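Residue numbers (this note's numbering): 4 to 313.
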């Protein structure tokens, strides 16, 4: 009897200890506190450590894309910033959802825009492998509040009006850690006129694109440049043009190398992106991408002040 009580007591203590350790597990955070910090963090210096960006947050078993739990889980393994996808509900609440429809990532069906936010709260999110989780669709406001002091958010443009996006960033006073993806000089100009310090992720995939942004007077010191999904000889010209402006270049593996079925081939592709000259690697698998390049990246950074643990 006494022996049984001792075993039970030990089991309880182990359970408490494990639970405490899980709760205490620290996050790799980006300590970006001001707009000036944000611009400096993304400035190309030639001595930077490659940055990791999670596409749609990231794909993890048990953790849905575009969800706070997924972002938090990724930060337990690597510092990262995150591209996420705001969309509008029927009653004009901004939530996170990549697809226009609910079928792939939730237990619902049909168009997201046909549902009110209250109706959407009854649904559960699925992970990238189709498993239903306990998590629900987050609002953009919830994610912004959570991200402060932890990471940087990059808002893609789906169906949310630009002004509505700008107004929400201003409402949360989040300019220091929320940036916006722009697909044209016109979109960049709108945001810049709204806030002269706005930080962008701009689609600049050709020299013509570069010249368009230059002619439009969009400051290269306030952007990162998405140059495409692949390693190719044409990237060299873009690296030279953009790096001279102090602009980091990003290659996204999400639509290309992330699709490779063999793990070793994916890892090799992440290393090839680093060696090609990109400053930022975006991936559906940010934990894997960070691990793959670890041995090949610089071990010190002039921006070490922006990296921390909490």
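In this text, a Cβ means the ideal position worked out from N, Cα and C, and glycines have one as well. Keep in mind it's a predicted model, so treat the numbers as computed, not measured.
Tell me whether residue i sits in a helix, a strand or coil according to DSSP, three-state version.
i           : result
residue 46  : strand
residue 308 : helix
residue 218 : helix
residue 278 : helix
residue 137 : coil
residue 211 : helix
residue 62  : coil
residue 270 : helix
residue 41  : helix
residue 262 : helix
Among all the DSSP beta bridges, which residues are the ones paired with residue i?
i           : result
residue 147 : None, per the DSSP bridge assignment.
residue 254 : 231, 284
residue 56  : 84, 285
residue 300 : Beta-bridge pairing links residue 300 to no other residue.
Taking all protein chains shown into account, do 16 or more other C-beta atoms lie within 10 angstroms of the C-beta of residue i, making it buried, or fewer, making it exposed?
i           : result
residue 258 : exposed
residue 58  : buried
residue 297 : exposed
residue 302 : exposed
residue 135 : exposed
residue 196 : exposed
residue 50  : exposed
residue 106 : exposed
residue 24  : Annotation note: pLDDT 42 at residue 24 (below 50); position unreliable, no value reported.
residue 214 : exposed
residue 132 : exposed
residue 28  : exposed
residue 184 : buried
residue 86  : buried
Can you name the start and end residues of the beta strand (DSSP E) that residue i belongs to?
i           : result
residue 193 : No beta strand (DSSP E) holds residue 193; the alpha helix (DSSP H) holding it covers 188 to 197.
residue 89  : 89 to 91
residue 155 : Element bounds for residue 155: n/a, residue is neither H nor E.
residue 115 : Segment: none, residue 115 is in no beta strand (DSSP E) and carries neither H nor E.
residue 184 : 181 to 185
residue 99  : 97 to 99
residue 206 : 203 to 206
Starting from residue i, follow the alpha helix (DSSP H) in both directions and report where the run begins and ends.
i           : result
residue 238 : 238 to 247
residue 77  : 71 to 78
residue 296 : 289 to 296
residue 165 : 165 to 174
residue 33  : Per DSSP, residue 33 belongs to no alpha helix (DSSP H); it is in the beta strand (DSSP E), 31 to 33.
residue 123 : 120 to 123
Quick one: measure Cβ to Cβ for residue i and residue j, integer angstroms, because I've assumed they're closer than 8 Å.
i           : j           : result
residue 62  : residue 288 : 6 Å
residue 253 : residue 47  : Their Cβ separation, rounded to whole angstroms, is 11 Å, which puts residue 253 and residue 47 out of contact at 8 Å.
residue 55  : residue 284 : 6 Å
residue 144 : residue 165 : About 17 Å; that fails the 8 Å criterion.
residue 220 : residue 34  : Wrong, their Cβ atoms sit about 31 Å apart, outside the cutoff.
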